[in-house]
Amino acid sequence: MKNYFLIAFQFLIATTYVSAVDTPKPPNIIVIFCDDLGFADLSSYGSIWNQTPEIDQMAVEGLRFTNFYAGAPVCTPSRAGLMTGCYARRVDMDLDAKNRWVLFPVAEKGINPKEITLPEVLKAEGYSTAIFGKWHLGDQPEFFPTRHGFDYWFGLPYSNDMEVIKREDPPLPLMRNDKIIQQSKELKVFDQSTLTKRYTDEAIQWIDKNKKKPFFLYLAHTMPHNPVAARSEFYSRTVNPEKGFGASVAEISWSTGEILSYLRKENLDENTLVIFTSDNGGNPHWGASNGILKGKKGQTTEGGIRVPCIAWWPGKIKPGTTCNAPASVIDFYATFSSLANIDIDSEVKRDGMDISQYFFNPKKEVEPRPFYYWHVGYLEAVRYGNWKLNLTGEFTDDAKKNIANSTYSDIRSLEQIQLYDLYNDPGETVDVSKEHPEIVHKLLGMAEKERIALGEWTNKGPEVRETLYIKNPQPLIKGR
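Going by our numbering, the letters in the sequence shown line up with residues 608 to 1087, in that order.
In structure tokens, the structure reads:
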């Protein structure tokens, strides 16, 4: 009898061990998210102005995407896409309450507390979660990141320029969790040149405290958004005519190197996926470069929304690889959930897909899917495969009154619609719509289907999940 129980016990131990071996450890996930970094602002993406050796080495050791898209060409909707896996239009975050393109201080709306965010999904499965840097999804307490799945927050509630641009805005606050720890005084914004270092140092300290369990770290840099700032030693690392911009990019490269070095030192690198990307395209007026891509931040031409993206995961991602397939920040929700072996609610409509296959097989061909370019409440373009249809015609007065019941042929002049082959013409220089009417027709059909589902401007379609609006929102800092 004793032998029987001994054999049974040994079998139980053996099967438990095999099960533990067969079950992969959930990976740590770090997203490094720059603010207004252009497609060609890194040396590894063609910059001749900015020195970014640490990020370039990351690309050498990892995977570089060439057709990667932000969630939108401006801050708030792009970040909403990262957090929800949806186009911002779907979650009612493409316009503020006054129909402007981003949220401003004392915003009446923010990300819906009922929306299950990416950090909430990961946290429910045992992940520690933190954000260091810019949030920009609502500055009322109901919308703070600590109410949306993050255990910890150190950073700014919105863009670093908002007090600078509009002096009637409240002073710019630096937050730790739900508390203000620093603020601008006497019409002088606090010194932002140390923000990148402070974010980096605190992020590494946080990892060190949480490294014994899986973690999700969202490092949302304030830079290189205008007004740019960096520590003095980084000004020698750029020949950018806009010295401040180049220095801030160089310091972000330094920051990235510090984080990767720490992961190696602590033997965390082979179980940590690190993503480096930007929230939207750059603005050349401030020193950014989008290379051969047309347009800039705030536009749905490629320069406004196509951004650099590097994935790094030693031992998992093959070094020096390139992925030319279209992908987007809205894909991270499904991708990270898949890597963590989490089943997400299939009843909730999301727009992104699992792109983890690209990490391990970047040349794999998959069925094309439409990618929609939403901006300020309107669907301005659609991409399918290599084809991009720009829907830039003006609205007629009748269509403005009744958008929900109009079609694209009703509301926009077909003479103003352009078709581009992005494989051969990424700069969108040659309109080939007349040569390919069948492609135009196909993409117009896709656009029409999307527009009916989500509506346009203030006419919300049936698939839009309305967010929360606050009555009488209050500034985080009252007075000066």
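Virtual Cβ for every residue (Gly too), placed ideally from N, Cα, C.
Your pair VAL983 and TRP708 checks out as a contact, with CB atoms roughly 5 Å apart and the cut at 8 Å. Excluding its 5 nearest sequence neighbours in each direction, ILE636 has C-beta neighbours in its own chain below 7 Å: PHE823, LEU880 and PHE943, listed in chain order. Taking VAL1047 as the centre and dropping the five residues before and after it, the same chain places the C-beta of LEU1026 and SER1040 closer than 6 Å to its C-beta, in chain order. For PRO764, the closest of SER953, GLN747 and THR659 by C-alpha to C-alpha distance is GLN747.
In this structure, ARG990 is the residue among ASP1038, ARG990 and ALA1060 with its C-alpha nearest to the C-alpha of PHE675. Counting of Cβ neighbours within 10 angstroms places LYS956 among the exposed residues, the total staying below 16. Closest by C-alpha distance to GLY756, out of SER766, TRP742, ASN767 and ASP768, is TRP742.
PHE739 is not a Cβ neighbour of ALA677, given a cutoff of 8 Å. By the CB criterion at 8 Å, ASN847 and TRP1064 fall outside the cutoff. In this structure, DSSP gives THR928 an extended state, which the three-state scheme calls strand. Look at TRP893 here: in three-state DSSP terms it is helix.
Apart from sequence neighbours up to five positions away, the residues of its chain that approach PRO752 with a beta-carbon distance below 6 Å are ILE738, TRP742 and TRP760, ordered along the chain.
A straight-line Cα-Cα distance of about 21 Å links PRO933 and HIS1043.
Per DSSP, the continuous beta strand (DSSP E) segment holding ARG783 begins and ends at 780-783. For LYS1041, no beta strand (DSSP E) run applies, since DSSP gives it neither H nor E.
Remark: C-beta atoms of ALA895 and ASP643 approach each other more closely than 8 Å. When secondary structure is reduced to three states using DSSP, VAL709 falls in the coil class, being assigned neither helix nor strand.
Counting along the chain, CYS641 sits inside the beta strand (DSSP E) bounded by residues 635-641. When ILE723, LEU729 and ALA687 are compared, the shortest CA-CA separation from LEU710 is found for ALA687. Measuring C-alpha to C-alpha distances from LEU996 to each of GLY927, THR736 and GLU909 identifies GLU909 as the nearest. The alpha carbon of MET690 has as its nearest neighbour, out of GLY645, VAL638, GLU668 and GLY1052, the alpha carbon of VAL638.
Assignment of PRO977 by DSSP, reduced to helix, strand and coil, places it in the strand class. Residue burial annotation: LYS904 is buried, with at least 16 other C-beta atoms found within 10 angstroms of its C-beta. For the pair of segments examined, the stretch 947-954 was found not to touch the stretch 649-665: the number of CB pairs separated by less than 8 Å stays below three. Contact between LEU1075 and GLY669 is ruled out by a C-beta separation of about 38 Å, above the 8 Å threshold. Remark: C-beta atoms of HIS828 and THR801 do not approach each other more closely than 8 Å.
Straight through space, the alpha carbons of ARG783 and LEU826 are spaced by roughly 14 Å. Looking at the DSSP output, TYR991 sits in a beta bridge with PRO977 and TRP994. According to the DSSP secondary-structure assignment, SER885 is paired through a beta bridge with CYS641.
Here the C-alpha atom of ILE912 lies approximately 6 Å from the C-alpha atom of ALA679. The three-state secondary structure of HIS1048, taken from DSSP, is helix. No Cβ-Cβ contact shorter than 8 Å links GLY922 with PHE646. Residue range 963-967 is occupied by the alpha helix (DSSP H) that includes PHE966. Unbroken alpha helix (DSSP H) stretches of 4 residues or longer found wholly inside the stretch 663-720: 682-691, given in chain order. Of the candidates ASN878, ILE924, ILE951 and SER885, the residue whose Cα lies closest to the Cα of GLU722 is ILE951. Non-local C-beta neighbours of THR659 in its own chain, meaning closer than 6 Å and more than five positions away in sequence, comprise LEU649, SER650 and SER860, ordered along the chain.
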